[in-house]
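Position 61 of the sequence shown, counting from 1, maps to 62 under the numbering used here, and the rest follow consecutively. Virtual Cβ for every residue (Gly too), placed ideally from N, Cα, C. Below you'll find the structure, written out as structure tokens, and then a few comments.
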Amino acid sequence: MSVLVVKLGGSLLESGRIAALAAEIASAKRRIVVVPGGGPFADAVRAAQAEFKFSDAAAHDMAMLAMHQSARLLADMQPKFRPADSLEGFKSVWAAGGVPVWLPSAMVLDDATVSQDWSMTSDGLSAWLAAKFGSATVLLVKSCTVPKGASAASLVAAGIVDRQFAHLVEAARLPWHVL
């Protein structure tokens with residue numbers, strides 16, 4: 002059975018819809034990995050970088066921690082959600098009947114192929130993670146309107162997904178959808 006990598010946009014945390022989405026994901030009968038957006042935690046990193054002028058590399062590390070905070074929030078919200086930081090960790094969570102919520106730092110911070118700047122957000126990281134599975138599908142759930150049939154490149158141009166997302170889904174030939 003193939004894996005579905007579901008990125009829950011950080012803005013969904015403030016939408017009032019996150020609990021219902023988490024419950025829907027938890028009830029699915031397939032292997033899913035939830036990738037949390039950074040939400041208000043990443044927004045705090047962006048604001049702090051603008052104020053204190055620290056490097057993109059430092060901001061990248063802090064944004065990974067923002068995703069961790071969102072993951073912990075989601076895992077506390079949905080009993081079937083369990084934090085996991087590796088492919089083996091995902092398998093353990095699935096074996097126990099849970100849904101892994103990705104803590105990205107262990108896999109991402111020392112990987113030279115991951116951009117150490119804002120050109121790759123949780124959108125691109127979702128595609129990066131899906132490529133690690135080989136045949137995974139990427140589903141980005143966002144709180145914005147997405148034109149039907151839009152290409153990844155047009156979503157990048159519209160600022161709906163990050164710059165790396167289109168490159169990664171194309172390079173790995175990943176099936177993807179944006180809701």
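Nearest-angstrom Cα separation, counted from residue j out to residue i
i	j	result
Glu15	Ser71	12 Å
Asp86	Val179	24 Å
Val46	Val139	26 Å
Glu52	Asp44	12 Å
Counted within 10 angstroms of its Cβ, other Cβ atoms place residue i as buried (16 or more) or exposed
i	result
Arg174	exposed
Ala113	exposed
Backbone secondary structure at residue i - three-state DSSP
i	result
Lys8	strand
Trp103	strand
Pro41	helix
Trp177	strand
Phe53	helix
Arg32	coil
Proximity to residue i [Cα-Cα], best of the options
i	options	result
Arg164	Ala128, His69, Ala48	Ala128
Lys81	Ala43, Val102, Gly90, Leu5	Val102
Arg83	His168, Trp177, Val34	Val34
Contact belief for residue i with residue j at Cβ below 8 Å, rounded distance in angstroms
i	j	result
Gly10	Val142	6 Å
Gly125	Phe91	19 Å between Cβ atoms; not a contact.
Phe134	Val7	That pair is no contact at about 13 Å.
Neighbour flag for residue i against chain D, beta carbons, 7 Å
i	result
Pro148	Of the protein chains in the structure, only one exists, and it is not chain D.
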